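A.B. asks: Numbering (my numbering), first residue to last: 60 to 128.
Glycine included, every Cβ here is placed at the ideal spot set by N, Cα and C.
Note that this is a predicted model, so its numbers are computed, not measured.
Provided herewith is a single structure, encoded as structure tokens, for subsequent inquiry.
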Amino acid sequence: MNESIYKVVELVGTSTESWEDAVKNVVETASGSLHDLRVAEVSQLDVKIENGQVMAYRAKVKLSFKYNV
């Protein structure tokens with residue numbers, strides 16, 4: 060039986076436009092150095108506020124990828 064092992068890392072992405080863009084930024088940036096990404100799980104959403112205005116959307120994302128031994 061061919062079993063696989065996956066590693067999970069947690070990253071935070073930001074965007075001035077939306078939470079969806081923040082998540083997309085995490086996945087696209089991480090795919091440059093992490094290979095064989097499998098699942099992205101959004102674990103937390105928040106915003107950065109300055110002077111009563113939303114300045115940035117932030118998403119904490121757990122990414123899993125295949126671990127090659």
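#1: Among 85, 64 and 125, which residue has its Cα nearest to the Cα of residue 119?
#2: Hey, would you say residue 73 sits closer than 7 angstroms to residue 115, going by beta carbons?
#3: Buried or exposed: residue 82, going by 16 or more other Cβ atoms within 10 Å of its Cβ?
#4: Do you know whose CA, among 64, 63, 71 and 66, lies nearest residue 106's CA?
#5: Which residues bound the alpha helix (DSSP H) around residue 88?
C.D. replies: With the structure as the only source:
#1: Taking the first residue of the sequence shown as position 1, residue 119 is located at position 60. Minimum Cα distance to residue 119 is reached at 85.
#2: Against the sequence shown, residue 73 aligns to sequence position 14. Against the sequence shown, residue 115 aligns to sequence position 56. For residue 73 and residue 115, yes; Cβs fall inside 7 angstroms.
#3: Taking the sequence shown and counting its residues from 1, the one referred to as residue 82 is at position 23. Burial is judged here by how many other beta carbons sit within 10 angstroms of a residue's own beta carbon; residue 82 has at least 16 and is buried.
#4: Walking along the sequence shown from the start, residue 106 turns up at place 47. Measuring from the Cα of residue 106, the nearest candidate turns out to be 71.
#5: Here the question's residue 88 lines up with position 29 in the sequence shown. Where residue 88 is concerned, the enclosing alpha helix (DSSP H) stretches over 78-89.
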